[in-house]
Amino acid sequence: MPLYRLSNIKGEEVNALTTRRYINGERMTLAQFMFKKGAKVKRHAHINEQFSIILTGRLRFRINNEEYIAEAGDVVHVPSNMEHEVEALEDSIVVDVYSPIREDWLKGEDKYLR
1 MPLYRLSNIK GEEVNALTTR RYINGERMTL AQFMFKKGAK VKRHAHINEQ FSIILTGRLR
61 FRINNEEYIA EAGDVVHVPS NMEHEVEALE DSIVVDVYSP IREDWLKGED KYLR
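Per the UniProt record's numbering, the sequence shown starts with residue 1, numbered consecutively.
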């Protein structure tokens with residue numbers, strides 16, 4: 001399907017402060033995260049290369065022990081297998097693009113989010 005409406009994709013509450021929607025293509029996953037202020041993504045790594053596009057809000061990214069503050073309009077790159085964590089400093093909406101697809105999510109192996 002070439003056209004998706006994010007509003008038609010069911011959101012999943014992964015924890016009290018984080019909601020996620022995602023779709024998979026042949027070789028990539030696109031996800032929208034809605035973080036409430038104070039939401040945290042625990043330190044983790046995955047085989048997927050990741051780009052995070054900050055649409056609204058402000059977040060603290062720690063990537064390989066370096067800290068970055070990202071806000072609306074910024075794009076954060078997380079290389080494959082790189083440890084990283086995130087904290088929402090404000091209510092935020094982020095679009096993440098991953099390659100290859102997030103097989104771990106399909107298998108329910110995303111405990112670092114919960």
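The beta carbon of each residue, even a glycine, is placed where N, CA and C say it ideally should be. Quick caveat, the model's predicted, so the values are computed rather than measured.
Limits of the alpha helix (DSSP H) - the one that residue i falls within
i	result
ASP104	103-106
Closest by C-alpha distance to residue i, when choosing among the options
i	options	result
VAL86	LEU106, GLY108, PHE61, PRO100	PHE61
VAL78	GLU71, VAL94, LEU113, TYR98	TYR98
ASN64	ASN81, GLY57, THR56, ILE53	ASN81
GLU83	MET28, GLY38, TYR112	TYR112
LYS40	LEU106, PRO2, ARG58	ARG58
Terminal residues of the beta strand (DSSP E) in which residue i lies
i	result
GLU12	12-15
ARG20	18-24
ILE93	92-99
Short Cβ contact (9 Å threshold) for residue i with residue j
i	j	result
LYS42	ASP91	no
GLY11	ARG5	no
SER52	ASP96	yes
ALA48	ARG114	Residue identity differs from the one stated: residue 48 is Asn in this sequence, not Ala. In this structure, ARG114 does not lie closer than 9 Å to ASN48 by Cβ.
Cβ neighbours of residue i in the same chain (closer than 7 Å, five flanking residues each side left out)
i	result
ASN24	ILE101
GLU13	THR19
Close beta carbons around residue i, own chain, < 8 Å, minus the five adjacent residues each side
i	result
GLY73	ILE54
Can you check the stretch 31-88 for any beta strand (DSSP E) of at least 3 residues that lies completely inside it and give the ranges in chain order?
40-44, 49-56, 58-63, 66-71, 75-78, 84-88
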